[in-house]
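Below is one structure; the comments refer to it alone.
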Amino acid sequence: MARINDVGGTQGFGAIDTADDTEPFHADWEARVVGLFNTLRAQGIFNTNEFRDAIESMPPAEYLAASYYERWFTAIVALLETKGVLEPGELDD
Amino acid sequence: MTDGDRFPPGTRVRTFPHDPAHHTRLPRYARGKRGVVVEPEGPAELADISAQGRGDAPVEQIYAVRFAARDLWGEGDHHVVLNLWESYLEEDPDRDR
Amino acid sequence: MTGEHPDATIAQRVRRLETLLEEKGLITGERVDEAIDAFLASSSPANGARVVARAWTDEGYKSRLLADGTAAVRELGYMEGSYQRLRVVENTAGTHNVIVCTLCSCYPLRLLGPSPSWYKSEAYRSRVVREPRSVLREFGLELPDTVDITVWDSSAESRYMVLPRRPEGTEGLAEEELAALVTRNALIGTAAL
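Residue numbers (the numbering used here), protein chains in the order written: chain A, 3 to 95; chain B, 127 to 223; chain C, 7 to 199.
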């Protein structure tokens with residue numbers, strides 16, 4: 003079956019909160035995550051498709067519970083571990 | 127093929143019904159569905175392979191393909207256009223129905 | 007998150023990752039700062055609005071924009087160096103276009119700025135391909151049944167932007183005044199002007 007990110011046509015997500023955001027980021031850490039992503043990708047540590055794959059590979063319940071940039075952060079950490087830049091669990095030692 | 131002439135605009139195509147165990151950019155709602163090619167969008171590395179961190183992802187033509195809501199959902203009067211890599215598509219075997 | 011350190015907030019974990027990567031010599035805080043600045047500086051809905059106002063006032067430009075969006079926005083200095091393609095889709099009296107990315111949240115960042123939260127939500131991504139009229143109604147846009155709707159699902163390397171219909175009664179306005187009328191939602195297709 004398809005991955006959890008593949009939501010086109012899935013029923014049950016309810017009404018859309020159409021409120022407009024006034025700022026691009028809701029917290030400073032979100033900006034840092036975007037900056038880290040762009041820096042690491044520019045250095046060739048991973049490509050965009052690998053990054054998307056890492057987001058989609060999150061356990062479905064975790065994916066749905068995570069905010070947008072929490073997903074980015076989870077994917078970055080997972081890729082850094084896959085690539086051997088970080089030891090598994092190193093971030094939370 | 128990367129030149130975009132395999133499926134000229136207006137070609138009736140069908141998407142593959144595959145449910146791969148890896149990253150793909152063919153959403154499940156559009157698998158095994160019939161649509162019509164709008165036009166080629168240009169070539170790019172196949173995301174399915176590129177996502178595996180491999181350096182040998184083939185470059186394929188991407189096509190804009192238009193689907194009728196009725197063919198996707200069994201109802202509805204709108205259309206959905208997707209951008210699909212060439213290997214997600216085949217010529218519709220029942221195009222003359 | 008992973009649950010090992012329930013007390014560590016996401017902000018603390020991001021900070022810790024940045025420190026670890028600095029210690030490993032992979033990044034510097036300055037480079038991350040620069041990446042954030044570059045992201046924000048190159049991306050604004052004012053860019054898309056300017057493209058639209060030009061198309062409304064210059065038929066030749068509009069033709070080029072609809073034929074090859076990437077080349078036409080580069081004429082105005084946008085999307086230089088981007089590997090992505092841009093396709094601009096025109097709303098008319100009989101057709102309405104709306105954009106989405108059901109698989110993630112692909113979006114024409116450079117022309118529309120950082121995307122709104124609703125664009126990234128499961129609710130929008132799941133529903134707009136299935137029931138666009140209901141979704142547009144939630145945004146306050148009621149379209150007559152005679153208007154054909156096309157939903158553009160950004161599933162590969164092309165990005166989409168809507169060319170909204172020019173509001174009536176704006177014949178006397180200059181290009182800059184017209185640009186000021188263009189909203190981000192109109193460029194996505196969840197609003198009309």
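All C-beta atoms, glycine included, are put in the ideal place defined by N, C-alpha and C.
All of these numbers come straight from a predicted model, not from anything done at the bench.
Query, Result
"DSSP three-state assignment for B/LEU210, whether helix, strand or coil", "strand"
"Check whether B/THR141 and B/ALA156 have beta carbons under 8 Å apart", "yes"
"Straight-line gap, A/ARG34 to C/ILE155 (C-alpha atoms, nearest Å)", "38 Å"
"Residue interval of the beta strand (DSSP E) (run including A/PHE15)", "Segment: none, A/PHE15 is in no beta strand (DSSP E) and carries neither H nor E."
"Neighbourhood of C/ALA55 by C-beta, 7 Å cutoff - its chain only, sequence neighbours within 5 removed", "ALA185 and VAL188"
"Residues that B/GLU186 bridges to, as DSSP identifies them", "B/ALA170"
"Exposed unless 16 or more other CB atoms sit within 10 angstroms - verdict on C/TYR89", "exposed"
"Within 8 Å, strictly: CB atoms of A/GLU108 and C/LEU26", "The requested residue 108 of chain A does not occur in the structure, where chain A is confined to residues 3 to 95."
"Chain A within 8 Å of B/ALA211, Cβ atoms only", "Correcting the residue type first, residue 211 of chain B is Trp in the shown sequence and not Ala. So, not an interface residue."
"Sheet register partners of C/ILE105 (DSSP bridge)", "C/TRP158"
"Per-residue burial, A/ASP30 [other beta carbons within 10 Å of its own, 16 or more giving buried]", "exposed"
"Unbroken beta strand (DSSP E) run spanning C/LEU117, endpoints", "Per DSSP, C/LEU117 belongs to no beta strand (DSSP E); it is in the alpha helix (DSSP H), 115-118."
"Cross-chain neighbours of B/ARG154 in chain A, by beta carbon under 7 Å", "ALA4 and ASP8"
"Integer-rounded CB distance, given that C/VAL168 should sit under 8 Å from C/ILE105", "7 Å"
"For B/ARG160: DSSP bridge partner residues", "B/ARG140"
"Under 7 Å from the C-beta of B/ALA173: neighbouring residues of chain A", "ASN51"
"Three-state secondary structure assigned by DSSP to C/TYR166", "strand"
"4-residue-minimum alpha helix (DSSP H) runs that sit fully inside the stretch 29-98 of chain C, ordered along the chain", "35-47, 51-63, 65-73 and 75-81"
"beta-carbon B/ILE175 near the ligand ATP non-hydrogen atom, thresh 7 Å", "With respect to the ligand ATP, the structure shown offers nothing to examine, as it has no ligands at all."
"Inter-residue spacing [alpha-carbon to alpha-carbon] between C/MET7 and A/GLY11", "A caution first: C/MET7 carries a pLDDT of 45, below 50, which makes its placement in the model too unreliable to give a value."
"CB of B/GLY177 within 8 Å of CB of B/HIS144, strictly", "The amino acid occupying residue 177 of chain B in the given sequence is Ala; Gly does not appear at that position. No, the pair does not count as a contact, with Cβ atoms beyond the cut-off."
"Chain-order list of residues whose beta-carbon lies under 8 Å from that of C/TRP124 (same chain, five-residue window excluded)", "TYR130"
"Backbone CA spacing between C/PRO120 and A/PRO26 [nearest angstrom]", "6 Å"
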